[in-house]
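Please read the structure below before turning to the comments.
Numbering (this note's numbering), first residue to last: 36 to 319.
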């Protein structure tokens with residue numbers, strides 16, 4: 036048994052070597068920076084995984100991962116350490132901007148092609164892309180005759196599998212979903228709510244590490260990259276935004292999270308506003 040820790044599930048102390056291994060792994064795999072003060076967070080996130088693997092402690096589990104060089108376990112560590120905070124219609128002003136300015140402008144600009152490509156670039160368990168799908172269905176019925184594609188990606192394969200099912204707990208439903216949309220677009224089964232098949236089928240889920248090589252995708256008219264850049268260092272942010280610039284169509288818009296900014300990052304975007312919301316378009 037590791038001399039620096041007790042059984043998983045009790046108070047333990049993560050060794051410096053174990054912490055640095057996790058910090059290095061997460062940075063290499065996802066370019067996410069873990070602050071040196073977050074040892075407790077690493078331990079709490081990995082304790083269930085260590086328990087599942089039958090390890091006596093998180094330290095013992097990480098020694099096992101290092102000795103076996105298991106790609107699968109490394110991916111599970113990345114999944115466990117990835118923050119997946121999300122909710123339906125997160126950040127009301129952003130969705131107001133989409134509903135009242137960004138999407139109406141796109142409809143005018145794409146009226147000849149009658150096509151829209153939308154990307155939720157850190158989709159977690161699916162609330163964001165499903166919110167976009169419901170917004171389009173509710174507010175823009177004319178798009179029913181268009182070719183509208185919603186792509187949703189995340190670095191965590193575990194959350195992507197959950198998102199594909201379109202099933203949510205009552206707690207998840209209570210976070211941001213209006214009652215009228217719940218009754219219209221979801222059906223209840225036991226303690227879970229399942230989104231309607233026609234809404235679920237509007238979204239295509241796939242893995243993507245924003246800090247790595249991006250898969251082949253079309254040019255996007257709207258990219259939502261919200262509340263994710265805060266986890267990267269400046270070099271990774273600049274790289275990601277440069278790739279986002281290349282991935283936008285000439286009329287496209289990029290939304291970051293509330294409080295995220297392009298300040299000190301020259302990625303070729305113009306700052307746009309609608310009421311309290313900020314979004315970005317390619318420099319003309």
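For glycine and all other residues, C-beta sits at the position ideal for the given N, C-alpha and C.
DSSP places residue 202 within a strand segment (E or B) once states are collapsed to three. Counting along the chain, no alpha helix (DSSP H) covers residue 68, and no H or E run does either.
In the three-state DSSP reduction, residue 189 falls in the strand class (E or B). One Cα belongs to residue 143, the other to residue 123, and the distance between them is close to 27 Å.
Residues 124, 166, 170 of the same chain have their beta carbon placed closer than 8 Å to that of residue 130, with the five preceding and five following residues left out of the count. Per DSSP, reduced to three states, the secondary structure at residue 224 is strand. Residue 49 has its alpha-carbon roughly 20 Å from the corresponding atom of residue 110.
A direct Cα-Cα distance of roughly 12 Å separates residue 146 from residue 138. Here the alpha carbons of residue 258 and residue 191 stand approximately 19 Å from one another. Residue 150 is not a Cβ neighbour of residue 194, given a cutoff of 7 Å.
Shown here for residue 266: same chain residues with a beta carbon closer than 6 Å to its own, the five before and five after excluded, namely 67 in chain order.
Residue 94 sits buried, since 16 or more C-beta atoms from the chains shown fall within 10 Å of its C-beta. Remark: C-beta atoms of residue 168 and residue 238 approach each other more closely than 7 Å. Cβ atoms of residue 184 and residue 234 stay farther apart than 8 Å, at about 14 Å. DSSP places residue 77 inside the alpha helix (DSSP H), whose first and last residues are 74-87. The C-alpha of residue 54 is placed about 11 Å away from the C-alpha of residue 98. The closest CA to that of residue 230, considering only 255, 161, 261, is found on 161.
Pairwise C-beta distances place the segment 213-231 in contact with the segment 194-203, as three or more of them are shorter than 8 Å. Nearest C-alpha to residue 254 among 288, 178, 212, 311: 288.
Within the segment 250-286, the runs of alpha helix (DSSP H) that reach at least 4 residues and sit entirely inside it are, in chain order, 269-282. In chain order, 264, 300 place their CB closer than 7 Å to the CB of residue 272, counting only its own chain and leaving out the 5 sequence neighbours on each side. The Cβ-Cβ distance between residue 115 and residue 80 falls below 7 Å. Around the beta-carbon of residue 51, fewer than 16 other beta-carbon atoms lie within 10 Å, marking it exposed.
For the pair residue 314 and residue 290, the CB atoms are nearer than the 7 Å cut-off.
Closest in alpha carbon position to residue 76, among 117, 217, 102, is 117. DSSP lists no beta-bridge partner residue for residue 60. Sequence-distant Cβ neighbours of residue 311 in its own chain, meaning closer than 6 Å and more than five residues away, are 128.
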